[in-house]
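Counting in UniProt numbering, the sequence shown runs from 1 upward without gaps.
As C-alpha coordinates, the structure follows; a few thoughts come after it.
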Amino acid sequence: MENHEVCEEIVTLLRKQRHDFVNHLQVIHAMLQMDRREKALLYIEE
(Lines of atoms letter the chains of each structure in order from A and count residues from 1; the text may use other names and numbers.)
(Lines give C-alpha, C1' and ligand atoms only; values in the text may rest on other atoms or scores of the structure.)
Protein backbone atom coordinates (compact mmCIF):
# COMPACT_ATOMS: atom_id res chain seq x y z
CA MET A 1 0.00 0.00 0.00
CA GLU A 2 1.36 3.38 -0.94
CA ASN A 3 1.53 6.40 1.35
CA HIS A 4 -1.37 8.23 -0.28
CA GLU A 5 -3.54 5.10 0.00
CA VAL A 6 -2.70 4.80 3.68
CA CYS A 7 -3.53 8.48 4.18
CA GLU A 8 -6.85 8.06 2.36
CA GLU A 9 -7.73 5.07 4.55
CA ILE A 10 -6.86 7.01 7.70
CA VAL A 11 -8.98 9.97 6.57
CA THR A 12 -11.91 7.63 5.85
CA LEU A 13 -11.61 6.05 9.30
CA LEU A 14 -11.43 9.47 10.96
CA ARG A 15 -14.54 10.62 9.09
CA LYS A 16 -16.42 7.52 10.28
CA GLN A 17 -15.29 8.13 13.86
CA ARG A 18 -16.32 11.79 13.65
CA HIS A 19 -19.72 10.79 12.27
CA ASP A 20 -20.27 8.33 15.12
CA PHE A 21 -19.08 10.83 17.74
CA VAL A 22 -21.38 13.58 16.44
CA ASN A 23 -24.25 11.10 16.43
CA HIS A 24 -23.60 10.24 20.09
CA LEU A 25 -23.55 13.94 20.97
CA GLN A 26 -26.87 14.46 19.17
CA VAL A 27 -28.44 11.58 21.09
CA ILE A 28 -27.19 12.97 24.41
CA HIS A 29 -28.35 16.47 23.47
CA ALA A 30 -31.83 15.21 22.63
CA MET A 31 -32.07 13.30 25.92
CA LEU A 32 -31.06 16.38 27.87
CA GLN A 33 -33.57 18.55 26.00
CA MET A 34 -36.28 16.07 26.98
CA ASP A 35 -35.16 16.28 30.65
CA ARG A 36 -33.96 12.68 30.59
CA ARG A 37 -30.76 13.37 32.50
CA GLU A 38 -30.52 9.89 34.04
CA LYS A 39 -30.97 8.24 30.65
CA ALA A 40 -28.28 10.52 29.19
CA LEU A 41 -25.88 9.60 31.99
CA LEU A 42 -26.51 5.90 31.43
CA TYR A 43 -25.93 6.38 27.70
CA ILE A 44 -22.62 8.13 28.39
CA GLU A 45 -21.46 5.41 30.78
CA GLU A 46 -22.36 2.71 28.26
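Here a beta-carbon is modelled for each residue, glycine too, at the ideal position from N, C-alpha and C.
Linking Glu46 to His19 through their CA atoms gives a straight-line distance of about 18 Å. Per DSSP, Met31 is one residue of the alpha helix (DSSP H) stretching across Asn3 to Gln33. When secondary structure is reduced to three states using DSSP, Arg37 falls in the helix class. Separation of Glu2 and Lys16 (C-alpha to C-alpha, rounded to the nearest whole angstrom) is 21 Å.
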